[in-house]
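What follows is a set of notes on a single structure, which appears directly below.
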Amino acid sequence: MDDRIREHARILVDWSARIDAGDDVVLAVEDGAHDLAVAVAEQLGDRGANLLSTYQSDELTRAYLGAHDGSFTENPEYELALYDRADSVLFLKGSRNTTETADVDSDQRQAYSTARQEIREARLDTDWVSTQHPTRAMAQQAGMAYADYQDFVYDATLRDWEALAEEQARLKEILDDGKEVRIVADSTDITLFIDGRIAVNSAASVAYDSHNLPSGEVFTAPYDTAGVVTFDVPMTIQGRRIKNVELTFKDGVVVDWSAEQGEAVIDEIIGTDGGSRQLGELGIGMNRGVDRVTDNILFDEKMGGTVHLALGRAYDACLPEGESGNDSAVHEDLITTMGEGSRLEVDGEVIQQDGVFRWEDGFEG
C-alpha cells in the first residue's frame, strides 16, 4: 500500500474526526475507496473504536431511483436510528464514474432528497468527516494523468493543518467582527450581510466545526444578499455540467439567473423549495495546495484565490444559539475566481486583492 494512503487515514482518524476508544463509527465507503477504507479500518482498530461499514455507489443510487415509483418513505426509522446512535460518520469518496447518475429524473432526485431531510440532519449532528480517495475516474474528470492526480490529492490533503488553522484564524476574526462583505470580480459585484453570524475556521477537523478533508476555507452564513455574481469555475452537479452561472439577488433572494451551460440544473436547484432561492454559505478558499480546478467541489471550493457561495441550507455552526438560518433540502456550492482586478472587502476594508490576502507576500492593497 502507498504510504500516503496510511498517512491519509491517520490524519482522518486523529486530526479530522478525533476518534477515541469506544466511539461508534459508521464508515461509508464508495466503491473506488477500498484501499483507503482498509487503512482507516486499521486505524480505528488500533484506537479501539467500534466499526460499522456501509457500501456507497452511484450505480446503486441510479438503479434504486430509476426503479422506484417516487413515493419515498420519509426518514426511514432504521436508518435514522443508525445515525442517531453514531458518534462519527466517515465518508470515503471514490467514484468510478462521475456521471453515473446523470440520467436520473430530476423530480425523482428532489422527492428522494426531500424525504430524507431528517436523516441528513442526524448525520450532520455526528462528528462526520468526508474525504476523497483518488480514483482514475476522478483523474479523468480533472483532465489529469492518474499519477499526477494522486500527487495533487495528497498535496492538498497531507498538510500541516495546525499551521493553516492559525492562518485561517485571522480571517475568521475579521468575519466575526464584520457586518458586510463585498465581492468584486469579473461580472461580479455582490454584497453579503453577516453581522451576528459566526465564521468557521474550516481546518479539516471537527474540533474547528470543519468536516471536509482536505479543507482550507473560512465560511459563514449570510442572512441577506444584494447584487450580481458570476460563477466562472465550471462544475459537474448531479452528473451534469454547468458553466458561467449568473445569479442576481434582491432582498436576499435570487430574482434572476442564467447559465452558459446547464441552466436546467440551476432551474432545478432554485426550484427545490423556499430556501433554495437564498444563500446558505459564503466560503473563502485558503488551501494553496489546491492549485488547479479539478471539477470536484471537495477540492475546488478550497482553492486559494476563490470564493464560493452555496444556494440552500445554512450550517448551524454559523448561527448564534437559538437562531435558525436558511433551511432547504439542498446545499449547492458555486465558485468564482478572485483573479486580477478582484477584491474582497469587509466593512469597506480590502482584505484580499487580486486573490492575495493582505498578510501574504504580493499584496498591493
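Residues in the sequence shown are numbered consecutively from -18, following my numbering. No residue lacks a Cβ here, since even glycine has one placed at the ideal position from N, Cα and C.
Of the residues Ala103, Leu315, Val209 and Asp232, the one placed nearest Met216, counting alpha carbons only:
Looking up residue 216 in the sequence shown gives position 235. The residue with the shortest Cα to Cα distance from Met216 is Leu315.
Considering only DSSP beta bridges, list what Ile(-8) is partnered with.
The sequence position of residue -8 within the sequence shown is 11, counting from 1. Answer is none; Ile(-8) lacks a bridge partner.
Determine the contact status of Thr201 and Leu156, defining contact as a CB-CB distance below 9 Å.
In the sequence shown, the residue the question calls residue 201 occupies position 220. In the sequence shown, the residue the question calls residue 156 occupies position 175. Yes, they are a contact pair.
What residues are listed by DSSP as bridge partners for Glu326?
For this step, residue 326 is matched to residue 345 along the sequence shown. Beta-bridge partners of Glu326 (DSSP): Arg163 and Val331.
Check for me: the alpha helix (DSSP H) holding Thr138 runs from which residue to which?
Here residue 138 refers to the residue found at position 157 when the sequence shown is read from its first residue. That run of the alpha helix (DSSP H) goes Tyr127 to Thr138.
With respect to the beta strand (DSSP E) encompassing Phe72, which residues constitute its N-terminal and C-terminal limits?
To locate residue 72, count along the sequence shown from 1; it is residue 91. Ser69 to Lys74 is the span of the beta strand (DSSP E), which, as asked, contains Phe72.
To the nearest angstrom, how far is it from the Cα of Val199 to the Cα of Ala83?
For the purposes of this step, residue 199 is taken as residue 218 along the sequence shown, with counting starting at 1. For the purposes of this step, residue 83 is taken as residue 102 along the sequence shown, with counting starting at 1. Note on geometry: alpha-carbon atoms of Val199 and Ala83 lie some 31 Å from one another.
Taking the Cβ atom as the reference point for each residue, do Gln91 and Ala310 lie within a distance shorter than 9 Å?
The residue given as residue 91 occupies position 110 in the sequence shown. The residue given as residue 310 occupies position 329 in the sequence shown. Yes; because the gap between Cβ atoms is below 9 Å, this pair is in contact.
On the DSSP bridge list, what partners appear for Lys224?
Taking the sequence shown and counting its residues from 1, the one referred to as residue 224 is at position 243. Note: Lys224 sits in a beta bridge opposite Gln242.
9 Å Cβ cutoff met for Gly233 and Leu194:
Residue 233 sits at position 252 when you count from the first residue of the sequence shown. Residue 194 sits at position 213 when you count from the first residue of the sequence shown. Contact flag unset, no.
Helix, strand or coil for Ser196? Go by DSSP, reduced to three states.
In the sequence shown, residue 196 corresponds to position 215, counting from 1. If DSSP states are grouped into helix, strand and coil, Ser196 belongs with coil.
Assess contact between the region 272 to 292 and the region 319 to 326, defined as three or more Cβ pairs (one per stretch) separated by less than 8 Å. Is contact present?
yes
Ignoring anything shorter than 3 residues, give me the beta strand (DSSP E) runs that lie fully in the region 33 to 85, in order along the chain.
69 to 74
Distance, Cα to Cα, Met267 vs Ala137?
Along the sequence shown, one-based indexing puts residue 267 at 286. Along the sequence shown, one-based indexing puts residue 137 at 156. In a straight line, the C-alpha of Met267 is about 11 Å away from that of Ala137.
Which same chain residues end up closer than 8 Å to Ile175 when comparing Cβ atoms and leaving out the 5 residues on each side of it in sequence?
Numbered from its first residue, the sequence shown carries residue 175 at position 194. Hits under 8 Å: Leu156, Gly159, Lys160, Glu161, Val162, Thr201, Ala202, Pro203, Tyr204 and Leu263.
With three or more beta-carbon pairs closer than 8 Å as the criterion, would you say the region 329 to 341 touches the region 252 to 259?
Counting C-beta pairs closer than 8 Å gives fewer than three between the region 329 to 341 and the region 252 to 259, which falls short of the contact rule.
If you drop the 5 nearest sequence neighbours on each side, which residues of the same chain put their C-beta closer than 6 Å to that of Tyr135?
Translated into the one-based positions of the sequence shown, residue 135 becomes position 154. Result list for Tyr135: Arg(-15), in chain order.
Just the Cα atoms here: how many angstroms apart are Leu(-1) and Leu33?
Walking along the sequence shown from the start, residue -1 turns up at place 18. Walking along the sequence shown from the start, residue 33 turns up at place 52. The amino acid occupying residue -1 in the given sequence is Arg; Leu does not appear at that position. Cα-Cα distance, rounded: 17 Å.
Determine the direct distance from the alpha carbon of Asp108 to that of Leu63, and round the result to whole angstroms.
Along the sequence shown, one-based indexing puts residue 63 at 82. Along the sequence shown, one-based indexing puts residue 108 at 127. If I take the Cα positions, the gap works out to 14 Å.
Separation of Glu341 from Gly51, as counted between CA atoms:
Within the sequence shown, residue 51 is the residue found at index 70, counting from 1. Within the sequence shown, residue 341 is the residue found at index 360, counting from 1. Going by the C-alpha atoms only, they are around 52 Å apart.
Determine whether the beta carbon atoms of Gly303 and Tyr296 lie at a separation below 9 Å.
Locating residue 303 in the sequence shown gives position 322, counting from the first residue. Locating residue 296 in the sequence shown gives position 315, counting from the first residue. No, the Cβ-Cβ distance between Gly303 and Tyr296 is not below 9 Å.
Closest by CA to Val235, which one among Gln149, Gly243, Glu241 and Val226?
Here residue 235 refers to the residue found at position 254 of the sequence shown. When only C-alpha atoms are compared, the closest one is Val226.
Beta-carbon gap between His312 and Leu139 smaller than 9 Å:
Indexing the sequence shown from 1 puts residue 312 at position 331. Indexing the sequence shown from 1 puts residue 139 at position 158. Between His312 and Leu139, the CB-CB gap reaches or exceeds 9 Å.
I'd like the span of the alpha helix (DSSP H) that includes Glu143, first residue to last.
The count along the sequence shown starts at 1 and reaches residue 143 at position 162. It spans Trp142 to Asp158 - the alpha helix (DSSP H) in which Glu143 sits, taken as one unbroken run.
Given a threshold of 16 other Cβ atoms within 10 Å of its Cβ, counted over all protein chains shown, does Pro301 qualify as buried or as exposed?
Residue numbering aside, residue 301 sits at position 320 when the sequence shown is read from its first letter. When all chains shown are included, Pro301 counts as exposed.
Please report the straight-line C-alpha distance between Glu60 and Leu105, rounded to a whole angstrom.
As a working mapping, residue 60 is identified with position 79 in the sequence shown. As a working mapping, residue 105 is identified with position 124 in the sequence shown. Distance between the alpha carbons of Glu60 and Leu105: 14 Å.
Apply the 10 Å Cβ neighbour rule to Ser356 and answer buried if 16 or more other Cβ atoms are within range, or exposed otherwise.
An answer regarding residue 356 cannot be provided, because it is not within the stretch -18 to 346 covered by the chain.
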